[in-house]
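Going down the list, the protein sequences come from chains L and W. Position 18 (the first sequence) corresponds to 18 in my numbering; numbering is contiguous. Position 39 (the second sequence) corresponds to 39 in my numbering; numbering is contiguous. Inspection log for the structure reproduced underneath, given as structure tokens.
There are 2 protein chains.
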Amino acid sequence: MTRFSPDFQQELSELMRWRRDVRRFRTDPVEEAVLEACLESFALSPSVGLSEPWRVIRVESDTARAAALANIKAANADDLAGNDGEKAALYSQLKLSGMQEAPVQLSVFCAEETAKGSGLGAQTMPEMRRYSVVSAITQFWLAARARGIGVGWVSILDPDQLCADLNVPEDWRLVGYLCVGWPEEDHETPELERAGWDSRAQGLIVESR
Amino acid sequence: MTRFSPDFQQELSELMRWRRDVRRFRTDPVEEAVLEACLESFALSPSVGLSEPWRVIRVESDTARAAALANIKAANADDLAGNDGEKAALYSQLKLSGMQEAPVQLSVFCAEETAKGSGLGAQTMPEMRRYSVVSAITQFWLAARARGIGVGWVSILDPDQLCADLNVPEDWRLVGYLCVGWPEEDHETPELERAGWDSRAQGLIVESR
């Protein structure tokens, strides 16, 4: 029994092909109703033991945005210092986040000690709670892209500093900082590939055991 | 500019609504071409710095399957001992994996020390490589569901033991063990909710800072 048509299956594949990590945003706002429709995909995401550990903070105030921006700038400088020669030159030219332009910015956390789900499936692999949050972000990303909206996942920052700056509960752990908005352009090819940082493999190799 | 229609956006939401963690599988095989179409979503997934750290092992031999099954049985027994009273009674009735029936079983790893991507985006958050693998699994899950195929993510096992049993390279870390096959039934409601283990929240709360 297949509920979804071959056309839909094909279009889903197209969506994955056009989903990009976006760092170049227009500054015009995203309609609240559209953003809400995208955010609904969190509640539809799989979570270990039904723990639903995702927690989302919308980073809006000048103070919170300035703290996040200072955070990535510091981490960026450290990263640049860790590269040398040609790679450093390339690194310094990459645009690594849209934090100065993206109209919507979401900081997504995992509530590590949530009682929900009673720990099911997270005893031997407690990271499963964080993985559930990643699944939710991935679904949000696809839902946004289906509406033409771009998402950029920023990870070049100090997670503990961000938790402190945003004053989140003790047991929350940062999973991702998302820039969200209308992309300047659509691309089928990742920006890092276009910039010559690295290229994608030609498919997946599956070994058997 | 929106490449995807409102109808597609709606159907994508339906797909997320019907995506389930499946533990009850029919034993008839999944066609190789269909499985391959689903696996293509790995190569279309986002990865930090273009590191593409996903590594997939198909668990097929009697020896490998027996080892995986022994692994989950031991972890299950430990988990059961960690619950008491009513929750223990409920736990013992849950079907936690389809490892005895699922025709296709995939063990998905992260290559923690891949040189690909040159560490970009993973300096302050090295877990980003594992998160990239989770994104790929999530996309695979949706691609499978769009074709009527069920996926069940097993996390009640000892990851180090599984790595040893499957004899994978030293730097590979288990992210998920996936059971894949045709589901016995389709459900809009998670099995854990139907079994009374926990229930889903009524949507997402987003705070501002």
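The C-beta atom is built at its ideal place from N, Cα and C for all residues, glycine as well.
Where does M1 of chain W sit, in a helix, a strand or coil, going by DSSP?
In this prediction, M1 of chain W has a pLDDT of 49, which is less than 50 and means its spatial position is unreliable; what the coordinates show is noted afterwards. Correct three-state label for M1 of chain W: coil.
DSSP three-state assignment for T189 of chain W, whether helix, strand or coil:
coil
Please determine, among L:G181, L:C163, L:D186 and L:P183, the residue with the shortest C-alpha to C-alpha distance to V175 of chain L.
L:C163
What residue ranges within the region 42-85 of chain W form continuous alpha helix (DSSP H) runs of no fewer than 4 residues, ordered along the chain?
62-82
Please compile the residues from chain W whose C-beta is within a distance smaller than 9 Å of the C-beta of T124 of chain L.
A75, D78, D79, S155, I156, L157, D158 and P159
Return yes when at least one heavy atom of the ligand FAD lies under 6 Å from the C-beta of I149 of chain W, else no.
The ligand FAD is absent from the structure shown, which contains no ligands of any kind.
I believe P53 of chain W touches G181 of chain W by the beta-carbon criterion, under 8 Å. Please report the beta-carbon distance rounded to the nearest angstrom.
Going by Cβ atoms, the distance from P53 of chain W to G181 of chain W rounds to 26 Å, so no, they are not a contact pair.
Classify G196 of chain L as helix, strand or coil using the three-state DSSP reduction.
coil
Taking M128 of chain L as the query, report the chain W residues whose CB atoms sit under 8 Å from its CB, ordered along the chain.
S155
Would S208 of chain L pass as a contact of R55 of chain W if the rule is Cβ separation under 7 Å?
no
Only counting the same chain, and skipping five residues up and downstream in sequence, which positions put a Cβ closer than 7 Å to that of A67 of chain W?
D165
By a C-beta neighbour count over all protein chains shown, 10 Å radius and 16 as the cutoff for buried, is I205 of chain W buried or exposed?
exposed
If you reduce the DSSP assignment to three classes, tell me which class R130 of chain L lands in.
helix
Local conformation of L178 of chain L per DSSP, three classes
strand
Cβ shell of G150 of chain L (< 6 Å), same chain only, five flanking positions each side left out:
V22 and P183
Less than 7 Å between the C-beta atoms of E193 of chain W and S199 of chain W, yes or no?
yes
How about L120 of chain W and G203 of chain W: are their beta carbons less than 7 Å apart?
no
Beta carbons nearer than 9 Å to chain W: which residues of the region 8-28 of chain L have them?
F8, Q9, E11, L12, S13, E14, L15, M16, R17, W18, R19, R20 and D21
So, is P46 of chain L buried or exposed, given that buried needs 16 or more other C-beta atoms within 10 angstroms?
buried
Which same chain residues end up closer than 6 Å to Y91 of chain L when comparing Cβ atoms and leaving out the 5 residues on each side of it in sequence?
L80 and N83
Using the beta-carbon count (16 or more within 10 Å), is S41 of chain L buried or exposed?
buried
Taking only three categories from DSSP, how would you classify A88 of chain L?
helix
What does V56 of chain W reach in chain L if we use C-beta pairs closer than 7 Å?
L204 and V206
Identify the continuous beta strand (DSSP E) that holds Q105 of chain L and give its terminal residues.
V104 to A111
Best match in W:D62, W:G152, W:E36 and W:R20 for proximity to A43 of chain L [C-alpha to C-alpha]:
W:R20
Distance, Cα to Cα, W141 of chain W vs V30 of chain W?
14 Å
Identify every residue that forms a DSSP beta bridge with E32 of chain W.
Bridge partners of E32 of chain W: none, in fact.
Helix, strand or coil for R20 of chain W? Go by DSSP, reduced to three states.
coil
Within 7 Å of any Cβ in chain C, is that where the Cβ of T189 of chain W sits?
Absent from the structure: chain C. Protein chains present are L and W.
Let me know if G196 of chain W comes out buried or exposed under the rule of 16 or more other beta-carbons within 10 Å of its beta-carbon.
exposed
What distance in whole Å lies between the Cβ atoms of S118 of chain L and Y177 of chain L, which are believed to be in contact at a cut-off of 8 Å?
Y177 of chain L to S118 of chain L, Cβ: 30 Å. No contact.
Are the C-beta atoms of M1 of chain L and some chain W residue less than 7 Å apart?
In this prediction, M1 of chain L scores a pLDDT of 49, lower than 50, which makes its location untrustworthy; the coordinate-derived value is nonetheless stated afterwards. It does; some Cβ of chain W falls within 7 Å.
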